[in-house]
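K.L.:
Got a structure for you, questions after.
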């Protein structure tokens, strides 16, 4: 499948299935990939803004943050040590720092500065190698794993940092959802070339099944993602009343997913053996 970078460069990329069935990779990966993140609109770098769009985003984001925190609190006790890998502007780190001992890893210097200014007791770092082995109770990656090219290496590092029975929580878009099939090459969550990998539900299950140190424990939806992704997709199509169409197709996607479990984005709760 050929996909345009609708967000920034307008270049065409191809998505090809890897040797792991259901896992796809963007090709080619630009050598200067950092240039494809250089936009004030890129959501990871958003700071507080006064626009109606940003206020609505922040309002919906608060529901997602509480949902994500609940996933942690259902499985680990307060005070546990958490690493939020790829923490961006630090919203999740800020939200959970009163309940957990939190580290946030962010490679981008500008996003790291924004995150540092938001937090009070958490720590923002630019290197995870220094984290003591077998010291973490959970590692979270909220729409980050799809950006990581050296995934096998990172899974090994995550394994070394987690305690036995520690949790690896990965949220990624689902290209076999209804909204992905509806929007096809306009589906915003392909987001090439920034999204290097693309995981169907079966693809992520197949990937983890091949790793002897990990066990899939639970798969949960991110219900609000279908609306945001549909809105961006409609804008890429230059649709009038894009917000109304986003509500319609986001709702259809969620209703269909109640029966198929193919939500627009999925959270994979994985346990270290």
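In our numbering, the protein residues as written are -4 to 268. C-beta: ideal position from N, C-alpha, C; glycine also. Please read these numbers as outputs of a predicted model, since none were measured by experiment.
#1: Could you check whether residue 80 and residue 100 sit closer than 9 Å to each other, using their CB atoms as the reference points?
#2: Quick check: what's the CA-CA separation for residue 182 versus residue 217?
#3: Are residue 103 and residue 83 touching if we call contact CB-CB under 9 Å?
#4: Measuring only between beta-carbons, confirm whether residue 67 sits less than 9 Å from chain B.
#5: Along the chain, where does the beta strand (DSSP E) that runs through residue 22 open and close?
#6: Could you tell me whether the Cβ atoms of residue 260 and residue 244 are closer together than 9 Å?
#7: Enumerate, from N- to C-terminal direction, the unbroken beta strand (DSSP E) stretches of 3 or more residues contained entirely within the stretch 164 to 242.
#8: So is residue 267 buried or exposed if we call it buried at 16+ other beta carbons inside 10 Å?
#9: By Cβ distance below 6 Å, which residues in the same chain neighbour residue 171 in space, the five residues on each side in sequence not counted?
#10: Taking 8 Å as the cut-off, does the stretch 126 to 143 touch the stretch 175 to 194 (at least 3 CB pairs, one atom from each stretch)?
#11: On the three-state DSSP scale, how would you describe residue 34?
#12: Under the three-state reduction of DSSP, which class applies to residue 9: helix, strand or coil?
#13: For residue 60, which option in 69, 87 and 78 has the closest C-alpha, if you only look at C-alpha atoms?
#14: How far does the beta strand (DSSP E) with residue 260 in it extend, from its first residue to its last?
#15: Tell me where the alpha helix (DSSP H) around residue 257 begins and ends.
#16: Measuring CB to CB, does residue 98 end up less than 9 Å from residue 120?
#17: Looking at the unbroken beta strand (DSSP E) that takes in residue 133, where does it start and where does it end?
#18: Kindly give me the distance between the Cβ atoms of residue 162 and residue 78, rounded to whole angstroms, as I take these residues to be in contact under 8 Å.
#19: In chain order, what are the residue ranges of uninterrupted beta strand (DSSP E) at least 3 long that sit wholly in the stretch 62 to 99?
#20: Counting only the same chain and skipping the five closest in sequence on each side, list residues whose C-beta sits under 7 Å from that of residue 241.
P.N.:
On the basis of the data shown:
#1: Position 105 of the chain shown, counting from 1, holds the residue named residue 100. Position 85 of the chain shown, counting from 1, holds the residue named residue 80. Taking 9 Å as the Cβ cut-off, residue 100 and residue 80 qualify as a contacting pair.
#2: Residue 182 sits at position 187 when you count from the first residue of the chain shown. Residue 217 sits at position 222 when you count from the first residue of the chain shown. Residue 182 and residue 217: Cα-Cα distance of roughly 17 Å.
#3: On the chain shown, position 108 is the one that residue 103 refers to. On the chain shown, position 88 is the one that residue 83 refers to. In contact: residue 103 and residue 83 (Cβ atoms closer than 9 Å).
#4: Among the protein chains of the structure shown there is no chain B, as only one such chain exists.
#5: Here the question's residue 22 lines up with position 27 in the chain shown. Segment 18 to 22, the beta strand (DSSP E) holding residue 22.
#6: On the chain shown, position 265 is the one that residue 260 refers to. On the chain shown, position 249 is the one that residue 244 refers to. Taking 9 Å as the Cβ cut-off, residue 260 and residue 244 do not qualify as a contacting pair.
#7: 192 to 194 and 209 to 216
#8: The sequence position of residue 267 within the chain shown is 272, counting from 1. Buried, since its Cβ has 16 or more Cβ neighbours within 10 Å.
#9: Here residue 171 refers to the residue found at position 176 when the chain shown is read from its first residue. 195 and 257.
#10: yes
#11: The residue labelled residue 34 in the question sits at position 39 within the chain shown. Coil at residue 34, not helix or strand.
#12: Taking the chain shown and counting its residues from 1, one reaches residue 9 at position 14. In the structure shown, residue 9 sits in a strand (DSSP, three-state: E or B).
#13: Along the chain shown, one-based indexing puts residue 60 at 65. Ranking the options by Cα distance to residue 60, first place goes to 87.
#14: Within the chain shown, residue 260 is the residue found at index 265, counting from 1. Segment 260 to 267, the beta strand (DSSP E) holding residue 260.
#15: Against the chain shown, residue 257 aligns to sequence position 262. Taken as a continuous stretch (DSSP letters only), residue 257 belongs to no alpha helix (DSSP H), as it is neither H nor E.
#16: One-based indexing of the chain shown puts residue 98 at position 103. One-based indexing of the chain shown puts residue 120 at position 125. Taking 9 Å as the Cβ cut-off, residue 98 and residue 120 qualify as a contacting pair.
#17: Taking the first residue of the chain shown as position 1, residue 133 is located at position 138. Here the beta strand (DSSP E) through residue 133 covers 131 to 137.
#18: As a first step, residue 162 must be located in the chain shown, where it is residue number 167. As a first step, residue 78 must be located in the chain shown, where it is residue number 83. Actually they are not in contact, since the Cβ atoms of residue 162 and residue 78 sit about 11 Å apart, beyond 8 Å.
#19: 76 to 80
#20: The count along the chain shown starts at 1 and reaches residue 241 at position 246. Contacts found: 222, 225, 226 and 229.
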